[in-house]
Amino acid sequence: MKITELETIPLRLPFAQPFKISQGGDRETIETLIVRVHTDEGIVGIGETQAWRRQGSAELLWSLVHTIKDQFEPMITGRSPFDVAGIVHALNEALDNTLYAQAAVADALYDIAGKAVGLPVHKLLGGECRDRVRIAGLLAMKPTVAELLESAQAFYDRGFRHFGLKIGVDPRQDLANVVALRNHFGDRIVLRVDANGALSYDAALSLLRKLEPYDIDAAEQPIAIWDLEGLAALCRATSIPIMADESVSTDHSLLEVIRRRAATVVQTKIAKNGGMYRVWRLWALASAAGMRIYPGNHPSTSVATAAVAQLCAAWPGALMEGVFAVGVSGALAADVVTDPIVPVNGEIRVPPGPGLGVELDPEAIDRFRIDR
Ligand SMILES: [Mg+2]
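All you need for this note's numbering is the position in the sequence shown, starting with 1, plus 4.
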């Protein structure tokens, strides 16, 4: 079987409610890119990435399209879609730091391989270690504590017991939110906070010390991407475990975090880290270093959600309850597959069908694509 074409489908999808984190203003929509990799045997694989433009991402939909169509397509046309490692290596050699573009292509290759042999991707990676994955609810910033509690209660009522609270704009508000959540839910929930790199070292240390009595399971990327020394100092200065997210893109960057003991938890994302193949390698490195693994994603459709679910299914070790399903848990108002992944009782079922286990819905694609 040979690759014949990389088809790009740029989409703009509505958020269900304006999405607010510490970086940038409220967002009404997200730009996401579906890639369909065609083969000479008629099997078509799909993958997803996002033009996120926060948290160290500079991607635009059109730059992703150009990278994939003009650069990647001529390089890999004619190759076997089963050659995932070799193709990913070649793409990176040709265009360094194109992980967001590589992600959708690489995951589509796994989708093809699974479809070709009639097995879900996790059976190709390591076999089935779990068929359901517990996930966390993402608590985006709200104007008032009452509105925040309302959004948390809505997740709780749907069976969610793990929460990622966005912090980093106003430390007094952050503390008030954590106190309110803990008072309201007691020890019935696991609470994590995420500053998306927005705090100064001093502000982070001050806030984390104040949060210590509230049983925070991890503080995600409290300070800037580049400040690994600062992250390492925070690890020593607070009892709250520190999670690296934005600071980890390649395996080299994770190794640097490990060497400096700059975090004890790592978050991966399909787009940020370049797809399933690379995320799997990061998990192996992290677990060898004794780090906890937190499966994440930017808000995304069922396609990138399915990719992480496949990884989770194949992973034999412990995994934290991550926010990789944030898009399908209510952040996005629409999906683009025929049978969307829907959390039930705070868990998602790993799609059991061949490949990623999800198929595009042509009507939804037509409705949301912005290139026609
Ligand atoms: Mg994060």
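For every residue, glycine included, the Cβ atom is placed at its ideal position computed from N, Cα and C.
Does any heavy atom of ligand 1 sit closer than 7 Å to the C-beta of Gly28? Not under cutoff, so the answer is no.
What did DSSP end up calling Phe1 once you bin it into helix, strand or coil? Residue 1 is absent from the model: the chain starts at 5 and stops at 376.
Lining residues of ligand 1 - beta-carbon closer than 7 Å to any non-hydrogen atom, in sequence order: Working through the chain, the matches are Gln59, Asp198, Asn200, Glu224, Gln225, Asp249, Glu250, Gln271, Gly300.
Which of helix, strand or coil does DSSP assign to Pro347? coil
Assuming the contact rule is C-beta atoms closer than 8 Å, Val252 and Val270 should be a hit. Round their C-beta distance to whole Å, please. 6 Å
Taking the alpha-carbon of Leu203 as reference, which of Pro217, Asn181, Val197, Val173 has the nearest alpha-carbon? Val173
Out of Ala293, Ser333, Ile274, Asp339, state which residue places its alpha-carbon closest to the alpha-carbon of Cys316. Ile274
Complete alpha helix (DSSP H) runs within the stretch 161-237 (minimum length 4 residues, chain order): 175-189, 205-215
If you draw a straight line from the C-alpha of Arg4 to the C-alpha of Tyr281, how long is it? Only positions 5 to 376 of the chain appear in this structure, which leaves residue 4 out of reach.
Opposite Glu77 in the DSSP bridges: which residues? None, per the DSSP bridge assignment.
Only counting the same chain, and skipping five residues up and downstream in sequence, which positions put a Cβ closer than 7 Å to that of Ala144? Phe23, Lys24, Ile25, Lys170
Quick one: residues in its chain with C-beta nearer than 6 Å to the C-beta of Ala241, no 5 flanking neighbours on either side, listed in chain order? For Ala241, where only same-chain residues beyond five positions count, the Cβ hits under 6 Å are Leu209.
Simplified DSSP state of Ala20, which is helix, strand or coil: strand
Please give me, in chain order, every unbroken run of the beta strand (DSSP E) with length at least 3 that falls completely inside the stretch 118-152. 136-138, 141-143
Of the residues Gly46, Ile7, Thr36, Tyr298, which one's Cα is nearest the Cα of Leu336? Thr36
Does the separation of the CB atoms of Ala108 and Gly326 fall below 8 Å? no
Assigned exposure category for Gln157 - 16 Cβ within 10 Å defines buried: exposed
With distances taken Cα to Cα, identify the nearest neighbour of Gly29 among Asp44, Arg16, Leu17, Trp56. Selected option, being the one with the closest Cα: Trp56.
Give a yes or no on whether the C-beta atoms belonging to Ala120 and Val88 are separated by under 8 Å. In this structure, Val88 does not lie closer than 8 Å to Ala120 by Cβ.
Whether or not the stretch 317-324 and the stretch 123-138 are in contact is what I'm after, with contact meaning three or more pairs of Cβ atoms, one per stretch, closer than 8 Å; do they touch? yes
Extent of the continuous beta strand (DSSP E) to which Met247 belongs: 246-248
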